[in-house]
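Asker:
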Amino acid sequence: MFTEARTKLTLYYLLIIMAISIFFSLIIYRGATNEFRRMETVQRLRRPPPAAYVIEPDIVHETETRIAFSLFYINLIIFVIAGVGGYFLAGKTLDPISNMVDEQKEFVGNASHELRTPLTSLKTAIEVALRDKNLNLIQAKKLLISNLEDVNKMQKLSNYLLELNRYESGKEIPMTNVDLKNIVLKVVGKTKVKTDLKKSVVVANEDAVTELVTILLDNALKYSGKNKNVEIRTKSGGILEVEDKGIGISKEDLPHIFDRFYRSDKSTTKNAYGLGLSIAKSIVELHKGTIEVESKLGKGTLFRVVI
Ligand code: ADP
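So that you can map any letter, position 79 of the sequence shown is 80 in the numbering used here, and since no number is skipped, the others follow by simple counting.
1) What are the start and end residues of each continuous alpha helix (DSSP H) run of 4 or more residues lying completely inside the segment 140 to 208, in chain order?
2) According to DSSP, what are the bridge partners of residue 59?
3) Since residue 262 and residue 275 should fall inside the 8 Å C-beta cutoff, what is the C-beta to C-beta distance between them, to a whole number of angstroms?
4) Taking C-beta to C-beta, are residue 7 and residue 83 nearer than 7 Å?
5) Let me confirm a value: residue 103 is counted as buried when at least 16 other C-beta atoms fall within 10 Å, else exposed. Which label applies?
6) Whether or not the segment 124 to 134 and the segment 238 to 248 are in contact is what I'm after, with contact meaning three or more pairs of Cβ atoms, one per stretch, closer than 8 Å; do they touch?
7) Tell me whether residue 50 is buried or exposed, calling it buried when 16 or more other Cβ atoms sit within 10 Å of its Cβ.
8) Tell me whether residue 213 counts as near ligand 1, meaning its Cβ is closer than 6 Å to at least one heavy atom of that ligand.
9) Could you check what DSSP says for residue 300 in three-state terms: helix, strand or coil?
10) When you compare the CB positions of residue 185 and residue 214, do they come within less than 7 Å of one another, or not?
11) Give me the DSSP bridge partner(s) of residue 245.
12) Would residue 231 pass as an interface residue toward chain B - the criterion being a Cβ-Cβ separation below 7 Å?
13) Would you mind working out which of 134, 235 and 229 sits nearest residue 197, comparing C-alpha positions?
14) Does the distance from the C-beta atom of residue 122 to that of residue 151 stay below 7 Å?
15) Cα-Cα, which of 53, 61, 47 and 137 is closest to residue 35?
16) Please confirm whether any heavy atom of ligand 1 lies closer than 6 Å to the CB of residue 113.
17) Between residue 261 and ligand 1, is there a pair consisting of the residue's CB and a ligand heavy atom that are separated by less than 6 Å?
18) Whose C-alpha, out of 253, 307, 249 and 260, is nearest the C-alpha of residue 296?
19) What are the boundary residues of the alpha helix (DSSP H) that residue 7 is part of?
20) For residue 146, count neighbouring Cβ atoms within 10 angstroms of its own Cβ and tell me buried if that reaches 16, exposed if not.
21) Would you mind reading off the limits of the alpha helix (DSSP H) that contains residue 255?
22) With the cut-off set at 7 Å, would you say residue 304 and residue 217 are in Cβ contact?
23) Strictly by DSSP, which residues pair up with residue 236?
24) Using DSSP with H/G/I as helix, E/B as strand and the rest coil, what is residue 79?
25) Kindly give me the distance between the Cβ atoms of residue 77 and residue 115, rounded to whole angstroms, as I take these residues to be in contact under 8 Å.
26) Under three-state DSSP, which class holds residue 292?
27) Can you have a look at residue 334 and say buried or exposed, based on whether 16 or more other CB atoms are within 10 angstroms of its CB?
28) Starting from residue 284, follow the alpha helix (DSSP H) in both directions and report where the run begins and ends.
29) Checking 7 Å against the spacing of the C-beta atoms, do residue 237 and residue 254 come in under that value?
30) Whole angstroms is fine: what's the gap from residue 188's alpha carbon to residue 208's?
31) Output yes or no for whether 7 Å exceeds the beta carbon distance between residue 74 and residue 11.
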């Protein structure tokens, strides 16, 4: 697909360059030949006539032919250079689009793969149950509970995908003055986490920032083992910090945790799709903010967001 597009683009480049080049060559040729003819006519009409013609008509003709050939060769060279250069530039122009398409393909592949696992489990469980003639009510309820788990997984994934689409679509979302402290209080709710909340008013989209805090808090709780020693802080200047004393992130994983579908090997948690942090990053970017992470394996992790 891209080879064809590259060839086409090269042809368009070539067409434009050659049209300009030929247009100017014709102007140069016309200009030069007109000058020669004018000189020849002036010389012929001179009174008294010159003893000898300096500009002979056949010399004029020969010069015109030489100019025509020179211009032809110049155009040929331009054609070759523009062809090679155009092909190279067409490649450069198409590179980002080609990368985007590859990324998109990988994304669709990953999403389908993630959907297939709960779908297969759901299908198998239902088929097995349907074949069982002695299925009683208790077993049927157990099956429904397990089915519901799979459905929940798929619902979570589809919500994640919709959010990614929303925050990465480039569309503007409404922003108002919101206090980070209030958002954190709402998200934390009855969860037992330490808080140190200072008023911090920022221009932001409330739903998006609520989602951001939820993702960071969920991860902190998910990856902090049994002790759940998590603290959330807000500071003036749009600063939000989420710190845990959990499993930490290895140096190898650290550069990748914001990639879509990236999960470290240690992440054996259910319902972990590796999409949370990529959504968090998109939300922060939408607010032209920054998100940083400091982490030590086995010691804990600190996420710092500035909006
Ligand atoms: P997931 O759904 O797997 O939690 P995320 O995008 O939220 O996806 O996180 C990506 C990976 O980053 C996780 O698999 C986990 O390995 C790591 N991670 C994120 N937050 C933390 C944290 N607070 N402590 C340790 N590891 C974390």
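The beta-carbon is built from N, C-alpha and C at its ideal position, and this holds for glycine as well.
Answerer: In short, the structure shows the following:
1) 181 to 189
2) Partner(s): none; residue 59 has no beta bridge.
3) 4 Å
4) no
5) exposed
6) no
7) exposed
8) no
9) coil
10) yes
11) 231 and 302
12) The question asks about chain B, but that chain is absent: this structure has only one protein chain.
13) 235
14) yes
15) 61
16) no
17) no
18) 249
19) 3 to 46
20) exposed
21) Taken as a continuous stretch (DSSP letters only), residue 255 belongs to no alpha helix (DSSP H), as it is neither H nor E.
22) yes
23) 240
24) helix
25) At roughly 56 Å, the Cβ-Cβ gap does not stay under 8 Å, so residue 77 and residue 115 are not in contact.
26) strand
27) It is not possible to answer for residue 334, since the shown part of the chain is limited to 2 through 308.
28) 277 to 287
29) no
30) 11 Å
31) no
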